[in-house]
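Sequences listed follow chains A and B, in order. Take any residue in the first sequence, note its place counting from 1, add 30, and you have its number in the working numbering. Take any residue in the second sequence, note its place counting from 1, add 347, and you have its number in the working numbering. Everything on this sheet refers to the single structure shown next.
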Amino acid sequence: MSVLFLLQLKRAVKAVPRIIAGALIPLFFAGMAVFWAQKQHTEDTGSLLSPVALVNHDSESHLDVILPMITETEAASSFSFQEMNETEAMDALEAGDVCAVLVLPKEMMEGILDSTNIPAKLYLSGGDSFPSLLIGKYAEAGSLTLGSAQAGIYAATDLYAEYGITSHLSDIYYDINTANLKYALSRESTFLTKASTAIGEFSLIEYYGCTLLLCLLLFLGAGMGSFLGTPAPKTFSEQLRRNGMGPLSMELSLFLPLTLFYLMFTFALAALARRFLPGLTFSGSSVLFFVCMALCFSAYTQLIFSFAKNAGQGLLIFTFLGLLMILFAGGFLPYAFLPKLFSVLTPVLPLGACLSGLRSLVGGALSLWDTLLLLLHTVILLGLLIALSLLNRKEVRQ
Amino acid sequence: MLQVEHISFSYRKKQVLRDVCFTAKEGDFIGIIGKNGCGKSTLLSVLAGVRRPAGGSVSFENTPLYTKASVPAETVGYVPQLNPLLPELSVRDNLKLWLRDSELSTKEETEHLYEQMGLMDYFRTPVGKLSEGMKKRVSITSVLQNHPKLLILDEPSAALDLPCKEIIHEQLLSFSRKGGIILFTTHEEAEFSLCTTLYILKDGILVRADDTQDKHALIQQF
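Written out as structure tokens, the structure is:
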């Protein structure tokens, strides 16, 4: 038994360069899939701008100077203003091409200066669309701001006239307008600014770092499994059996080097990944988790390759099922983009449990339950492996 | 003395071996011939303890074989048709894997066997890089190194070149001369002459060939 174990280990060592090279190719494709997925949920917010039609009947006054100051405020940054004539604007509002029409009347600036205050008109689309409600709220806040600015301007005009320094009035008007626009309702005060993304508290690097780590282990396992899982013709196991080594001894002789390799790769990859995933620590609980993860991967690998009729079939089933489990666990796309069933199934899938545990570890919330769940998966997989090898023996003996 | 009594074996509903009986004494070189798929390999695997027969018994020197899970390698050596070797490992490692602790041979004797089989120059070569003939030699050596008393070989010289066949034949004859019993299957006319006894397996029944018949007449009986 010990000779067999050592020789299996020797075989595995010889195959390591080939296994690593083999893992890099599918990893490249997995990287592309991750990149695509990342693009899917980092949509350009520029496309969220709501169009507003601006009808300016006061183009001959100083309004042209003031208008950009308003449309370029942070508050108005959710809207794109498009100048149109009134007919075009009303047609666009009716067609739903714009969410509001802002009509600035003739001699509006003069009205503000001489306090006749000819009002601007804001037409909103019917219903209660969010952009319409929002611009209505901004317009309300804007008129209050304008009222405040107007009061300041009148006070400054009277004061400067009393002291005979009216030549500086244009400067103070500018300052008052600027100051008031600065204190206009900011967009932040309208929205709750708590960040909320499909990947929760994780950064993209943390989220997909976990996926890549698991994919690497999966692809390394594919190489190791196809190598160790189907070691030789059937005659090899027959001869072993004739020499007193039963199916369990044979499985053990494969399981031990496989586990050793998974342990080695798991710790090596975790050490490398620490640079990008600072949450990956080597405390007692995380070491225990890594050991359980390596055991779980070994059991899964060996079960699949024992079940398959040959190495090629084993490789196919192993990789397909592995990737499927990672997908179910939200490895490639966050749960927000997946059917709800996926998140329910994740804990009962071995690699799903690996991924969610790894994420807990990276997020600093690894619990004993995560480790125990992995251990439970390992025990179940080993149980299936033993049952399968006993069944195979029975078939051969018959 | 090997005694095979009333062995029968079925694959699902198809009966492959029917009431197979024969005996072999020390030094016997027994050849089993028959059509492809007639059950020759099955018979050998049953005699080697790989498959359990539906009925009958196999005993050697009046002791039943295969009553325990383990078949002592020093009693029965079995060389299957496909080599039970790990291709990534060297010749030495493969031989080491199948070498049992035995007081029957010294290290010198074992090395002498390796030399006779022409393996010394290939000790460090991975088995996967060897020719089929060399693999077969390694396979036979892995069994002979344990000094079995009964040697079962499934088409040992199939698809081998003449020099390779000669080396194998020499070793088998030497084994037989030392009192070992050989059971082997073959399709090679040239190997009929090596046998002290020839059996024909047809429709699951093993029949001893008439010693007086010539080779062509034997082949006609398949």
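Yeah, the Cβ is synthetic: ideal placement off N, Cα and C, and Gly gets one too.
Selected residue, minimal CA-CA separation from residue i, among the options
i, options, result
"methionine 355/A", "Leu375/A, His87/A, Leu345/A, Ala341/A", "Leu375/A"
"leucine 509/B", "Gly386/B, Thr488/B, Ala537/B, Asp501/B", "Ala537/B"
"leucine 418/A", "Leu381/A, Tyr330/A, Pro369/A, Leu388/A", "Tyr330/A"
"methionine 464/B", "Met481/B, Thr370/B, Pro431/B", "Met481/B"
"valine 43/A", "Val378/A, Leu134/A, Leu288/A", "Leu288/A"
"glycine 396/B", "Gly374/B, Leu498/B, Asp448/B, Cys385/B", "Leu498/B"
"isoleucine 100/A", "Ser173/A, Val409/A, Met323/A, Val128/A", "Ser173/A"
"histidine 87/A", "Arg48/A, Val128/A, Leu134/A, Thr103/A", "Leu134/A"
"glutamine 332/A", "Leu282/A, Ile235/A, Phe319/A, Glu124/A", "Leu282/A"
"alanine 341/A", "Asn273/A, Leu396/A, Gly251/A", "Gly251/A"
"threonine 103/A", "Leu371/A, Tyr168/A, Met120/A, Val85/A", "Tyr168/A"
"glycine 314/A", "Pro380/A, Ser80/A, Thr401/A", "Thr401/A"
"isoleucine 13/A", "Phe160/A, Tyr292/A, Phe327/A, Leu176/A", "The structure shown does not extend to residue 13/A, since chain A spans only 31 to 428, so no value can be given for it."
"phenylalanine 291/A", "Leu270/A, Leu398/A, Ile49/A", "Ile49/A"
Inter-residue Cα distance where the pair is residue i and residue j
i, j, result
"cysteine 542/B", "isoleucine 380/B", "11 Å"
"alanine 122/A", "leucine 363/A", "38 Å"
"valine 405/B", "glutamine 362/B", "19 Å"
"leucine 461/B", "alanine 556/B", "The residue you asked about is not leucine; residue 461/B is tyrosine in the sequence shown. Spanning the two alpha carbons is a distance of roughly 35 Å."
"isoleucine 514/B", "glycine 378/B", "18 Å"
"glycine 239/A", "methionine 62/A", "13 Å"
"lysine 443/B", "glutamine 38/A", "13 Å"
"leucine 143/A", "glutamine 180/A", "8 Å"
"arginine 365/B", "valine 317/A", "60 Å"
"leucine 325/A", "leucine 436/B", "26 Å"
"lysine 549/B", "threonine 533/B", "14 Å"
"glutamate 268/A", "lysine 372/B", "26 Å"
"glutamate 352/B", "isoleucine 487/B", "27 Å"
"isoleucine 334/A", "phenylalanine 348/A", "6 Å"
"alanine 506/B", "threonine 389/B", "20 Å"
"cysteine 511/B", "leucine 520/B", "14 Å"
"glutamate 116/A", "serine 155/A", "15 Å"
"methionine 275/A", "glycine 384/B", "29 Å"
"threonine 75/A", "leucine 421/A", "Below a pLDDT of 50, predicted positions are generally treated as unreliable, and threonine 75/A, at 48, falls in that range; the measurement from the model is reported next regardless. Rounded to whole angstroms, threonine 75/A to leucine 421/A spans 58 Å at the Cα level."
"leucine 466/B", "leucine 433/B", "16 Å"
"alanine 45/A", "valine 474/B", "15 Å"
"serine 373/A", "alanine 395/A", "18 Å"
"glycine 403/B", "proline 411/B", "11 Å"
Proximity of residue i and residue j at Cβ, strictly below 8 Å
i, j, result
"alanine 150/A", "methionine 139/A", "no"
"glutamine 518/B", "leucine 491/B", "yes"
"glycine 255/A", "glycine 352/A", "no"
"proline 495/B", "glutamate 408/B", "no"
"arginine 471/B", "arginine 439/B", "yes"
"alanine 186/A", "leucine 152/A", "no"
"proline 431/B", "phenylalanine 266/A", "yes"
"alanine 366/A", "serine 386/A", "no"
"leucine 57/A", "leucine 246/A", "yes"
"leucine 242/A", "leucine 388/A", "no"
"alanine 119/A", "alanine 171/A", "no"
"cysteine 384/A", "methionine 294/A", "no"
"glycine 253/A", "alanine 53/A", "yes"
"isoleucine 354/B", "proline 427/B", "no"
"glycine 309/A", "valine 378/A", "no"
Amino acids of chain B, ordered along the chain, whose beta-carbon sits closer than 8 Å to that of residue i
i, result
"glutamine 269/A", "Tyr425, Pro427, Pro431, Trp445"
"lysine 40/A", "Leu436, Asp440"
"alanine 395/A", "By Cβ distance, chain B contributes nothing, its closest Cβ being about 43 Å from alanine 395/A, past 8 Å."
"phenylalanine 35/A", "Chain B residues near phenylalanine 35/A: none, gap ~11 Å exceeds 8 Å."
"phenylalanine 10/A", "Residue 10/A lies beyond the stretch modelled for chain A, which goes from 31 to 428, so this question has no answer here."
"phenylalanine 266/A", "Pro431, Leu432, Leu433"
Residue i: contacting residues in chain A (beta-carbon distance under 8 Å)
i, result
"glycine 386/B", "Near glycine 386/B there are no residues of chain A at all, since even the closest Cβ is about 15 Å away, more than 8 Å."
"alanine 395/B", "Arg272"
In DSSP terms, what residue i is bridged to
i, result
"asparagine 86/A", "Leu134/A"
"lysine 549/B", "Ile552/B"
"tyrosine 337/B", "Only positions 348 to 569 of chain B appear in this structure, which leaves residue 337/B out of reach."
"lysine 151/A", "Val133/A"
"threonine 117/A", "The partner list for threonine 117/A (beta bridge, DSSP) is empty, contrary to what the question assumes."
"alanine 371/B", "Leu349/B"
"tyrosine 425/B", "Ile499/B"
"phenylalanine 109/A", "Ser80/A"
"leucine 530/B", "Ile377/B, Ile499/B"
"serine 313/A", "DSSP lists no partner for serine 313/A."
"valine 405/B", "Val351/B"
Under 7 Å by beta carbon: chain B residues contacting residue i
i, result
"lysine 44/A", "Glu435"
Closer than 7 Å: residue i CB and nearest the ligand MG heavy atom
i, result
"alanine 42/A", "Of ligands this structure carries none, so the ligand MG is not represented either."
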